[in-house]
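Engineer:
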Amino acid sequence: MHKEEIIQIHRILYIIAEYMKRKNLVKTLDEYESSNTRPFHVNKSKEEHLVAIFLLSKDLLQNLLENDGMINTEEIMITIHAINNLLSKKMRNIRETIKEQTHRDTHRKNF
1489 MHKEEIIQIH RILYIIAEYM KRKNLVKTLD EYESSNTRPF HVNKSKEEHL VAIFLLSKDL
1549 LQNLLENDGM INTEEIMITI HAINNLLSKK MRNIRETIKE QTHRDTHRKN F
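Residue 1599 is where the sequence shown ends in this note's numbering, and the numbering goes up by one at each step.
1. When you compare only the Cα positions, how much space is there between Tyr1502 and Leu1544?
2. Under the three-state reduction of DSSP, which class applies to Phe1542: helix, strand or coil?
3. Under 8 Å by Cβ, that's how I've got His1498 and His1537 pegged, so tell me the actual separation to the nearest angstrom.
4. Where does the unbroken alpha helix (DSSP H) through Met1489 begin, and where does it stop?
5. Looking only at its own chain, which residues have a Cβ that is under 8 Å from the Cβ of Ile1495, when we skip the five neighbours before and after it?
6. Just to confirm, are Thr1525 and Lys1534 a CB contact at a threshold of 7 Å?
7. Taking the alpha-carbon positions, what's the Leu1552 to Ile1586 distance?
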């Protein structure tokens, strides 16, 4: 995914979170708020936005599970799980790429 696409996903989840806050469906978004990355922080890296999306979707899901019965959460939970799965795979790929690059750079320095 391109950075712009990731920021768009971040923006959508952020809008959902703000809506849920206004409707008192969310108690806290502590992990997300501690990340200090928001959709309008376009200068932040792609990876920082991925982490923020993961934390926001995790916090939203946790709130939805705690508020079960107040709203029909099935579709929202399925969507958030799908996004988390996709982002987890992307983050693993990014970590592997960084690890490989670091290994290559270290290997080059030794020669």
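The beta-carbon is built from N, C-alpha and C at its ideal position, and this holds for glycine as well.
Structural biologist: So, to answer that:
1. Here residue 1502 is taken as the residue at index 14 of the sequence shown, counted from 1. Here residue 1544 is taken as the residue at index 56 of the sequence shown, counted from 1. Their Cα atoms are separated by approximately 8 Å.
2. In the sequence shown, residue 1542 corresponds to position 54, counting from 1. If DSSP states are grouped into helix, strand and coil, Phe1542 belongs with the helices.
3. By 1-based counting over the sequence shown, the position of residue 1498 is 10. By 1-based counting over the sequence shown, the position of residue 1537 is 49. With a Cβ gap of about 5 Å, His1498 and His1537 count as contacting.
4. For the purposes of this step, residue 1489 is identified with residue 1 of the sequence shown, where counting begins at 1. Premise fails: Met1489 is in no alpha helix (DSSP H) and is neither H nor E.
5. On the sequence shown, residue 1495 is found 7 positions in, with the first residue counted as 1. Here the set comprises Pro1527, Val1530, His1537.
6. On the sequence shown, position 37 is the one that residue 1525 refers to. On the sequence shown, position 46 is the one that residue 1534 refers to. Their beta carbons are not under 7 Å apart, which means Thr1525 does not touch Lys1534 by this criterion.
7. Start at 1 with the first residue of the sequence shown, and residue 1552 comes out as number 64. Start at 1 with the first residue of the sequence shown, and residue 1586 comes out as number 98. Leu1552 and Ile1586: Cα-Cα distance of roughly 34 Å.
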